[in-house]
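Numbering (the UniProt record's numbering), first residue to last: 1 to 478. Read the structure below first, then the notes.
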Amino acid sequence: MTVLAPATIVVTLDAEDDAEGFQREARCLLADRVPPGQVVWRVRGAEHDLFAAPPERTVAKGEVTLPRPAVELANVAVHHSDPSRFSLIYAFLYRSLTDRGLAENPADAQVAALRRMEKAIRRDAHKMHAFVRFRRVEAQDGAERFVAWFEPDHHIVEREAPFFIRRFANMDWTIVTPRRTVRWDTERLHVGPGGRREDVPADDAFEDAWRTYYGSIFNPARVKVSAMRAEMPKKYWRNLPEARAIPSLIEAAPARVAKMAEDARRDDEARLGHAMPQRQARPLAMPAIHTLVRGCTNCPLHEPATQAVTGEGPADARLFLIGEQPGDMEDLEGRPFVGPAGQVLTQAMTEAGIERGETYLTNAVKHFKFELRGKRRLHRTPSAREVDVCAEWLQAEHQAVAPHVTVTLGATALRGLLGQSVPLARVRGTVLDLPTGSKLIPTFHPAYLLRLPDDGARRIEEGKFLSDLKRAKALLAA
1 MTVLAPATIV VTLDAEDDAE GFQREARCLL ADRVPPGQVV WRVRGAEHDL
51 FAAPPERTVA KGEVTLPRPA VELANVAVHH SDPSRFSLIY AFLYRSLTDR
101 GLAENPADAQ VAALRRMEKA IRRDAHKMHA FVRFRRVEAQ DGAERFVAWF
151 EPDHHIVERE APFFIRRFAN MDWTIVTPRR TVRWDTERLH VGPGGRREDV
201 PADDAFEDAW RTYYGSIFNP ARVKVSAMRA EMPKKYWRNL PEARAIPSLI
251 EAAPARVAKM AEDARRDDEA RLGHAMPQRQ ARPLAMPAIH TLVRGCTNCP
301 LHEPATQAVT GEGPADARLF LIGEQPGDME DLEGRPFVGP AGQVLTQAMT
351 EAGIERGETY LTNAVKHFKF ELRGKRRLHR TPSAREVDVC AEWLQAEHQA
401 VAPHVTVTLG ATALRGLLGQ SVPLARVRGT VLDLPTGSKL IPTFHPAYLL
451 RLPDDGARRI EEGKFLSDLK RAKALLAA
């Protein structure tokens, strides 16, 4: 540390990424309460003719205590490549000596600038974690080593080296960048000067296999070119072996998506055709089914529940609606869909032109599954086993009614009817053929609408729900 003029201190750092040197010198200056206007920061080797051969001065080293948020912000921002960062950080730390909450004031201009630097550093680190690609090289001693070339925007290489040490602890690897080179020999980290891209092999034997793997996991249905370019800027492409395949994969994406959709449709139809158990030659009468359900002890859910809740509606109904399980009010009254979700369903049925009294309503699980919170009984989703155990009653009801149209409300109801899980998001709102001859329309449960916190999202989902019920009504009229 040297003096340029009686009131100006020039601090010379060893390198642009000399974070430790900056932290050490800044603490000395802060301990002496040296104002930012009296400090000039420079890097050794840079051309500063005005500051040539300044006289030396020793700065007293006292104690200084800074707020932790200020120190954490400074320790990240110091790795930025902006030449003015040292002056900015020191001015911010100087103010933090008296304004202890400064780092948490987003309206402050210096804090805002440092937060932008912090964000840029973290983004640069994220890109380094994601886009470093090691290439295998064989050393003269026959040992296997790995080398990667990366071009960060900021001075992050030493800072991010511990990430690669943790991830590749047993590998002898080197990361070469224009400013710094770091090497891990499986025991110790070595830091050296930067290098050139030509110092790293352009390819290795494994990269063809990597490109094949990348092509196999590439999901054309999720391709968003603008978002991909934002996350993977083209500056990184020349260092990524998989980048050679990206243009052709994007070009082929629409055709692959169409094929995936067609394959999924055929798979769903095949799955639905084999999922439902075969109908019994002589279905049970509905009164007998209800009697058996009320006495069911096939799973532990009957023990805490008030009663089994059987289906309700005409035994020859043309529309068959299946929910998940009884709720608190249904358990007490012994009727399906009389609670809040039932009110939503009834209103939607009315808007769709469906008469509740002409519809058979039931649940995939006949007993209320809940947990006690004080005096309240809170709904718990039935397990797959509980749904499967109860499926025989649902199948018996469905066979006895023999409906023209079946609507399942939620994933549990769909599993109860089919005997296996089918992704609801894939089939919701579609019309599927059941082997019984009934048309199936899967949709979500009305309780889902009650749980949506956002009014806008709720209106959108209510529209979808109503559309599904109207589709069922149209099938009844066909």
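Backbone N, C-alpha and C define an ideal beta-carbon position, used for all residues, glycine too.
- Can you name the start and end residues of the alpha helix (DSSP H) that Leu424 belongs to? The count along the sequence shown starts at 1 and reaches residue 424 at position 424. 424-427 is the span of the alpha helix (DSSP H), which, as asked, contains Leu424.
- Query: Going by other Cβ atoms of all chains shown within 10 Å of its Cβ, with 16 needed for buried, is Gln395 buried or exposed?
  - Reply: As a first step, residue 395 must be located in the sequence shown, where it is residue number 395. So Gln395 ends up on the buried side.
- Quick one, which of Val389, Cys390, Gly313 has its alpha-carbon nearest Ala358's? Locating residue 358 in the sequence shown gives position 358, where the first residue counts as 1. The amino acid occupying residue 358 in the given sequence is Glu; Ala does not appear at that position. Nearest option by C-alpha distance: Gly313.
- Which one of Ala169, Pro442, Pro403, Ala70 has the shortest CA to CA distance from Glu324? Along the sequence shown, read from residue 1 onward, the residue named residue 324 stands at position 324. Taking only the C-alpha atoms, the option nearest Glu324 is Pro442.
- Using the beta-carbon count (16 or more within 10 Å), is Arg426 buried or exposed? For the purposes of this step, residue 426 is taken as residue 426 along the sequence shown, with counting starting at 1. Burial call: exposed.
- Task: State yes or no: is the C-beta of Lys366 within less than 9 angstroms of the C-beta of Thr381?
- Result: On the sequence shown, residue 366 is found 366 positions in, with the first residue counted as 1. On the sequence shown, residue 381 is found 381 positions in, with the first residue counted as 1. Not in contact: Lys366 and Thr381 (Cβ atoms no closer than 9 angstroms).
- Message: Can you tell me whether Leu189 is helix, strand or coil according to DSSP?
- Response: As a working mapping, residue 189 is identified with position 189 in the sequence shown. Three-state DSSP puts Leu189 in a strand.
- Item | For Ile165, the three-state DSSP class (helix, strand or coil) | One-based indexing of the sequence shown puts residue 165 at position 165. DSSP places Ile165 in helix when its eight states are reduced to three.
- Can you name the start and end residues of the alpha helix (DSSP H) that residue 481 belongs to? Outside the displayed span of the chain (1 to 478) sits residue 481, for which this structure offers no information.
- Message: In the DSSP assignment, the beta strand (DSSP E) including Val387 goes from what residue to what residue?
- Response: What you label residue 387 is simply residue 387 of the sequence shown in a count that begins at 1. No beta strand (DSSP E) contains Val387, which is instead part of the alpha helix (DSSP H) from 384-401.
- Query: If you draw a straight line from the alpha carbon of Val309 to that of Leu321, how long is it in whole angstroms?
  - Reply: As a position in the sequence shown, residue 309 is number 309, starting the count at 1. As a position in the sequence shown, residue 321 is number 321, starting the count at 1. Taking the straight line joining both Cα atoms gives about 14 angstroms.
- Looking only at its own chain, which residues have a Cβ that is under 8 angstroms from the Cβ of Arg335, when we skip the five neighbours before and after it? Along the sequence shown, read from residue 1 onward, the residue named residue 335 stands at position 335. Taken in chain order, the residues that qualify are Val309, Glu312.
- Spell out a yes or no on whether the region 290-300 and the region 386-393 are touching, meaning 3 or more CB-CB pairs, one atom from each, closer than 8 angstroms. yes
- Message: Considering only their Cβ atoms, is the gap separating Arg122 from Val76 smaller than 9 angstroms?
- Response: For the purposes of this step, residue 76 is identified with residue 76 of the sequence shown, where counting begins at 1. For the purposes of this step, residue 122 is identified with residue 122 of the sequence shown, where counting begins at 1. Their beta carbons are under 9 angstroms apart, which means Val76 touches Arg122 by this criterion.
- Item | Local Cβ density within 10 Å of Glu187, reported as buried at 16 or more and exposed below that | By 1-based counting over the sequence shown, the position of residue 187 is 187. Looking at its Cβ environment, which holds fewer than 16 other Cβ atoms inside 10 Å, Glu187 is exposed.
- Would you kindly work out how many angstroms separate the C-alpha atoms of Val407 and Tyr360, rounded to a whole number? One-based indexing of the sequence shown puts residue 407 at position 407. One-based indexing of the sequence shown puts residue 360 at position 360. Looking at the two C-alpha atoms, the distance is approximately 10 angstroms.
- Query: Just the Cα atoms here: how many angstroms apart are Arg57 and Thr8?
  - Reply: Along the sequence shown, one-based indexing puts residue 57 at 57. Along the sequence shown, one-based indexing puts residue 8 at 8. Note that Arg57 scores 44 on pLDDT, short of 50, meaning its location in the model is unreliable and no value can be drawn from it.
- Message: Between the alpha carbons of Arg71 and Val78, how many angstroms are there, rounded?
- Response: Translated into positions along the sequence shown, residue 71 becomes position 71. Translated into positions along the sequence shown, residue 78 becomes position 78. Looking at the sequence shown, residue 71 is not Arg but Val. So the alpha carbons of these two residues sit roughly 11 angstroms apart.
- Query: Terminal residues of the continuous beta strand (DSSP E) containing Arg136?
  - Reply: For the purposes of this step, residue 136 is identified with residue 136 of the sequence shown, where counting begins at 1. Segment 135-138, the beta strand (DSSP E) holding Arg136.
- Query: Quick one, are the C-beta atoms of Thr12 and Val34 less than 9 angstroms apart?
  - Reply: Stepping through the sequence shown from its first residue, residue 12 is reached at position 12. Stepping through the sequence shown from its first residue, residue 34 is reached at position 34. In this structure, Val34 does not lie closer than 9 angstroms to Thr12 by Cβ.
- Task: Can you grab the Cα-Cα spacing for the pair Glu198 / Gly21, in whole Å?
- Result: For this step, residue 198 is matched to residue 198 along the sequence shown. For this step, residue 21 is matched to residue 21 along the sequence shown. Each residue's Cα considered, the two are about 31 angstroms apart.
- Task: Pull up the DSSP beta-bridge partners for Val379, would you.
- Result: Residue mapping note: residue 379 aligns to position 379 of the sequence shown, counting from 1. The question names Val, but residue 379 is His in the sequence shown. Per DSSP, Phe370.
- Message: Using the three-state DSSP reduction, which class does Asp433 fall into: helix, strand or coil?
- Response: For the purposes of this step, residue 433 is taken as the residue at position 433 of the sequence shown. Asp433: strand per DSSP, three-state reduction.
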